[in-house]
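In what follows, a single structure is set out as structure tokens and then discussed.
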Amino acid sequence: MRKIIIAGNWKMNNTISQAQDLIAGLTKNGGDMHKVEVIVAPPFTALRSVYDILGQSSVHVAAQNLFWEESGAYTGEVSAMMIKEAGCKWVIIGHSERRQLFGETDETVNKRARAALASGLKPIVCIGETLEEREGGRTYDVLHRQLDGGLNGLSAENMAKVTIAYEPVWAIGTGKTATSAQAQEAHEKIRAKLSSMFGQGVADKVRILYGGSMKPSNALELLSQPDVDGGLIGGASLNAHDFVEIIKAGIEAEKL
Ligand code: PEP
Numbered sequence: 382m383r384k385i386i387i388a389g390n391w392k393m394n395n396t397i398s399q400a401q402d403l404i405a406g407l408t409k410n411g412g413d414m415h416k417v418e419v420i421v422a423p424p425f426t427a428l429r430s431v432y433d434i435l436g437q438s439s440v441h442v443a444a445q446n447l448f449w450e451e452s453g454a455y456t457g458e459v460s461a462m463m464i465k466e467a468g469c470k471w472v473i474i475g476h477s478e479r480r481q482l483f484g485e486t487d488e489t490v491n492k493r494a495r496a497a498l499a500s501g502l503k504p505i506v507c508i509g510e511t512l513e514e515r516e517g518g519r520t521y522d523v524l525h526r527q528l529d530g531g532l533n534g535l536s537a538e539n540m541a542k543v544t545i546a547y548e549p550v551w552a553i554g555t556g557k558t559a560t561s562a563q564a565q566e567a568h569e570k571i572r573a574k575l576s577s578m579f580g581q582g583v584a585d586k587v588r589i590l591y592g593g594s595m596k597p598s599n600a601l602e603l604l605s606q607p608d609v610d611g612g613l614i615g616g617a618s619l620n621a622h623d624f625v626e627i628i629k630a631g632i633e634a635e636k637l
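As structure tokens, this is what we get:
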């Protein structure tokens, strides 16, 4: 059985002191958190401090991005080794905001995923269609292209360490959520594509997270779908109470 992941993407929110408060709220109320895999992705500046306060807790830390070179004249960039040393075990790659606002392409997603894997970090590779692409009937062409490009050349062994986040762009930060049926259909198709690329054994192991306005009121329904193995949560992860409620939904879904 695939263990459910509940991952919070804080985006460009929370200074170090705000991050400390949020983590305090989480660990105080998060009781059975170890029953699912909980990940938080603070901005770079707060990574180490969040890692230090989490201490022995089961919650893991992710970065929101990395650059694929090891070191050198790349002003403003951060390497895999740097985020590892700051306490990260995970890294989010190819978020739609990076694709839309910062020129990320399937090719750069691929370079980042390879660099993450080479350094022992676990990548969460984000894919998803825009509203225009969905309404134009191109959802699966887009998802397949993103999977072919972003995962190009990975070995089956490495692919088993990758997590995919399906995040329909029209649902991110908009309050619009994919219905559980839409999410399940997309996840099933993504798994079928992974099977054609890496074999059924790998496709069965890879966890596919849903992202896009997941909140306490819709989390259990989404997480109960057979191919939805967790959530990547933006807005609701900035509120300790809401994030804990989503973790609880994950724990419930884990029992199904
Ligand atoms: C995200 O950005 O990964 C995300 C899912 O955001 P939100 O939950 O705010 O839609």
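For my numbering, add 381 to where a residue sits in the sequence shown, where the first one is 1.
C-beta atoms are modelled at their ideal positions from N, C-alpha and C, and glycine is treated no differently.
These figures come from a predicted structure and were not determined experimentally.
Would L601 pass as a contact of A567 if the rule is Cβ separation under 9 Å?
Position 220 of the sequence shown holds residue 601. Position 186 of the sequence shown holds residue 567. Not a contact, by the Cβ cut-off of 9 Å.
What first and last residue would you give for the alpha helix (DSSP H) that runs through H622?
Within the sequence shown, the letter at position 241 stands for residue 622. Start and end: A621 to K636.
Interface flag, A630 vs chain C, CB-CB below 9 Å:
Given the protein chain composition of this structure (a single chain), no chain C is represented.
Out of curiosity, what's the CA-to-CA distance linking S577 and M540?
On the sequence shown, residue 577 is found 196 positions in, with the first residue counted as 1. On the sequence shown, residue 540 is found 159 positions in, with the first residue counted as 1. Spanning the two alpha carbons is a distance of roughly 13 Å.
Are H476 and N533 close, meaning C-beta to C-beta below 9 Å?
Along the sequence shown, one-based indexing puts residue 476 at 95. Along the sequence shown, one-based indexing puts residue 533 at 152. Not a contact, by the Cβ cut-off of 9 Å.
By the 10 Å Cβ neighbour count, where 16 or more other Cβ atoms means buried, how is M595 classified, buried or exposed?
Taking the first residue of the sequence shown as position 1, residue 595 is located at position 214. Burial call: buried.
T555 CB to nearest heavy atom of the ligand PEP below 8 Å
As a first step, residue 555 must be located in the sequence shown, where it is residue number 174. Flag set: Cβ of T555 near the ligand PEP.
Between H415 and S430, is the Cβ-Cβ spacing less than 9 Å?
The residue you call residue 415 lines up with position 34 of the sequence shown. The residue you call residue 430 lines up with position 49 of the sequence shown. Their beta carbons are not under 9 Å apart, which means H415 does not touch S430 by this criterion.
Residue closest to P504, alpha-carbon to alpha-carbon, out of S398, Y521 and V587
Here residue 504 refers to the residue found at position 123 of the sequence shown. Among S398, Y521 and V587, the Cα nearest to that of P504 is on V587.
Considering only residues of the same chain and omitting the five flanking positions on each side of A621, which have a CB-CB separation below 7 Å?
Taking the first residue of the sequence shown as position 1, residue 621 is located at position 240. Once the five neighbours on either side are set aside, the close Cβ partners of A621 are L403, G406, L407 and N410.
Just checking, does the segment 541-557 make contact with the segment 610-620 on the three C-beta pairs under 8 Å criterion?
yes
Uninterrupted beta strand (DSSP E) stretches inside the segment 402-442 (no shorter than 3 residues)
With a minimum length of 3 residues, the continuous beta strand (DSSP E) runs that stay inside the segment 402-442 are 418-422.
One or two residues paired with P504 in a DSSP bridge
Taking the sequence shown and counting its residues from 1, the one referred to as residue 504 is at position 123. Answer is V472, bridged to P504.
Only counting the same chain, and skipping five residues up and downstream in sequence, which positions put a Cβ closer than 8 Å to that of N394?
Here residue 394 is taken as the residue at index 13 of the sequence shown, counted from 1. So the qualifying residues of the chain are P424 and L619.
Integer Cβ distance of R495 from W551, believed to fall under 8 Å
Along the sequence shown, read from residue 1 onward, the residue named residue 495 stands at position 114. Along the sequence shown, read from residue 1 onward, the residue named residue 551 stands at position 170. About 29 Å; that fails the 8 Å criterion.
Just to confirm the assignment: which complete alpha helix (DSSP H) runs, minimum length 4, are found wholly within the segment 511-581?
512-516, 520-531, 537-540 and 561-579
Would you say the beta carbon of M393 is closer than 8 Å to some non-hydrogen atom of the ligand PEP?
Taking the first residue of the sequence shown as 1, we reach residue 393 at position 12. Checking the Cβ of M393 against the ligand PEP gives no.
Looking only at its own chain, which residues have a Cβ that is under 7 Å from the Cβ of E488, when we skip the five neighbours before and after it?
In the sequence shown, counting from the first residue as 1, residue 488 sits at position 107. Excluding residues within five positions, the ones whose Cβ falls inside 7 Å are G530.
Roughly how many angstroms separate the alpha carbons of Q401 and I473, rounded to a whole number?
Position 20 of the sequence shown holds residue 401. Position 92 of the sequence shown holds residue 473. So the alpha carbons of these two residues sit roughly 21 Å apart.
Quick check on this structure: which residue in C507, V442 and Q565 has the alpha carbon closest to the alpha carbon of T652?
Because the chain in this structure spans residues 382 to 637, residue 652 falls outside the shown range and cannot be described.
So, helix, strand or coil for A467, using DSSP?
Working through the sequence shown from its first residue, we reach residue 467 at position 86. A467 falls in the coil class under three-state DSSP.
For a test of the three-state rule: what should DSSP assign to L498, helix, strand or coil?
Locating residue 498 in the sequence shown gives position 117, counting from the first residue. Three-state result, L498: helix.
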